[in-house]
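Asker: This is the structure I have questions about; it appears just below.
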Amino acid sequence: GENVEQHPSTLSVQEGDSAVIKCTYSDSASNYFPWYKQELGKRPQLIIDIRSNVGEKKDQRIAVTLNKTAKHFSLHITETQPEDSAVYFCAAYSGSARQLTFGSGTQLTVLP
Amino acid sequence: DAGVTQSPTHLIKTRGQQVTLRCSPKSGHDTVSWYQQALGQGPQFIFQYYEEEERQRGNFPDRFSGHQFPNYSSELNVNALLLGDSALYLCASSLAGEEKLFFGSGTQLSVL
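Taken in order, these protein sequences are the chains called A and B. The working numbering applies: residue -10 is where the first sequence begins, and numbers increase by one. The working numbering applies: residue 25 is where the second sequence begins, and numbers increase by one.
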C-alpha cells in the first residue's frame, strides 16, 4: 500500500520568514496530493491540493510543488504569521487503492 | 450549508465495551470515510462507505465495523474496546469519484 513520509516533524520560524514542509510517497499510482492544517482540538482543514498533471500550484502565501519522478511534494508558506501555527499534514490519494494516506504531520510554530 | 457533523464530541468507555460513533456528511456528499487519529500522529484510514456498502478498508481488525444509511449518514462501531483504541475518530465526506475530503470535528474516544 501507499506510504507517505513527512519531514520535519517540528518546525519553528520567525514571523515573516518562509516555511517548507516536505513529503515523499511510494505508490506511483497516487494522483492527488492535498495538504491539511489542523489546529489544536479542531478538524483538519484542506488548505491546498495538487494533481499529478500539475507541477506547481499557488494560493496567496501558500504554494505546493510536485515532482512525480522523484515522488515527492512540498508545501511552501511565505511571510508566515502567528496564525499559521498549527500541525500540517500531507496526504496522497491512490486511485488504485481508492484511499487517502496521510503523513505523520509537522508542528509549525511561528514565533512573533 | 451544513458541513460534516459528528456525535458525540467526547466519549469515555472502559475496556471490553462497545461504542457507536455517528456522522452526517456535508450536504450533497454521498461517500463517507472514517479515520483514526492517535495523539501526535496522522489520520489512519479505517474504511469508506458508498451506496450503503463498505467500498474500501484499511488495516483495521474486524472489531471495527460500520454502516451507511439511505440518507448517506454513517456509523462506526467498535467492539471489545482496547486501551489502544483511544484516539480521535474523524469522519470525512466526499462525492463519489472525487478525492477531495471534508472532515468533521471528530469524536474523542477515551478507553479506560
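No residue lacks a Cβ here, since even glycine has one placed at the ideal position from N, Cα and C. Treat the numbers as computed from the prediction; the structure is a model and nothing was measured.
Per DSSP, what kind of secondary structure is glycine 90 (chain B) in: helix, strand or coil?
Answerer: As a first step, residue 90 (chain B) is located in the second sequence; it is residue number 66 there, counting from the start. In this structure, glycine 90 (chain B) counts as strand in the three-state DSSP scheme.
Asker: For a contact meaning CB atoms closer than 8 Å, what does proline 67 (chain B) contact in chain A?
Answerer: Taking the second sequence and counting its residues from 1, the one referred to as residue 67 (chain B) is at position 43. Simply Pro33, Phe78, Phe91.
Asker: Since valine 135 (chain B) and leucine 100 (chain B) are thought to touch, with beta carbons under 8 Å apart, how far apart are those beta carbons, to the nearest angstrom?
Answerer: Indexing the second sequence from 1 puts residue 135 (chain B) at position 111. Indexing the second sequence from 1 puts residue 100 (chain B) at position 76. Not confirmed; about 14 Å, so no contact.
Asker: So arginine 50 (chain A) packs on isoleucine 66 (chain A), CB below 8 Å; how close in whole Å?
Answerer: Residue numbering aside, residue 50 (chain A) sits at position 61 when the first sequence is read from its first letter. Residue numbering aside, residue 66 (chain A) sits at position 77 when the first sequence is read from its first letter. About 6 Å separates the two Cβ atoms, so the contact holds.
Asker: Please list the partners that glutamine 80 (chain B) has in chain A, where partner means a Cβ-to-Cβ separation under 8 Å.
Answerer: As a working mapping, residue 80 (chain B) is identified with position 56 in the second sequence. What glutamine 80 (chain B) touches in chain A: Ala86, Arg87, Gln88.
Asker: Whether or not the stretch 14 to 30 of chain A and the stretch 73 to 92 of chain A are in contact is what I'm after, with contact meaning three or more pairs of Cβ atoms, one per stretch, closer than 8 Å; do they touch?
Answerer: Output reads yes: the stretch 14 to 30 of chain A touches the stretch 73 to 92 of chain A.
Asker: Do the CB positions of leucine 97 (chain A) and threonine 54 (chain A) come within less than 9 Å of each other?
Answerer: Locating residue 97 (chain A) in the first sequence gives position 108, counting from the first residue. Locating residue 54 (chain A) in the first sequence gives position 65, counting from the first residue. No, they are not a contact pair.
Asker: Helix, strand or coil for proline 71 (chain A) per DSSP?
Answerer: Looking up residue 71 (chain A) in the first sequence gives position 82. Here proline 71 (chain A) sits in helix by DSSP.
Asker: With histidine 65 (chain A) as the anchor, note down where its beta strand (DSSP E) starts and where it stops.
Answerer: For the purposes of this step, residue 65 (chain A) is taken as the residue at position 76 of the first sequence. 61 to 66 is the span of the beta strand (DSSP E), which, as asked, contains histidine 65 (chain A).
Asker: I'd like to know if the stretch 68 to 85 of chain B and the stretch 35 to 53 of chain B are in contact, where contact means that at least 3 CB-CB pairs between them fall below 8 Å.
Answerer: Not touching, per the Cβ criterion.
Asker: Would you mind telling me which residues of chain B sit closer than 9 Å to aspartate 38 (chain A), beta carbon to beta carbon, in chain order?
Answerer: As a first step, residue 38 (chain A) is located in the first sequence; it is residue number 49 there, counting from the start. Within 9 Å Cβ-Cβ: Glu123, Lys124.
Asker: Any beta carbon from chain B within less than 9 Å of glycine -10 (chain A)'s own beta carbon?
Answerer: One-based indexing of the first sequence puts residue -10 (chain A) at position 1. By this cut-off, glycine -10 (chain A) is an interface position.
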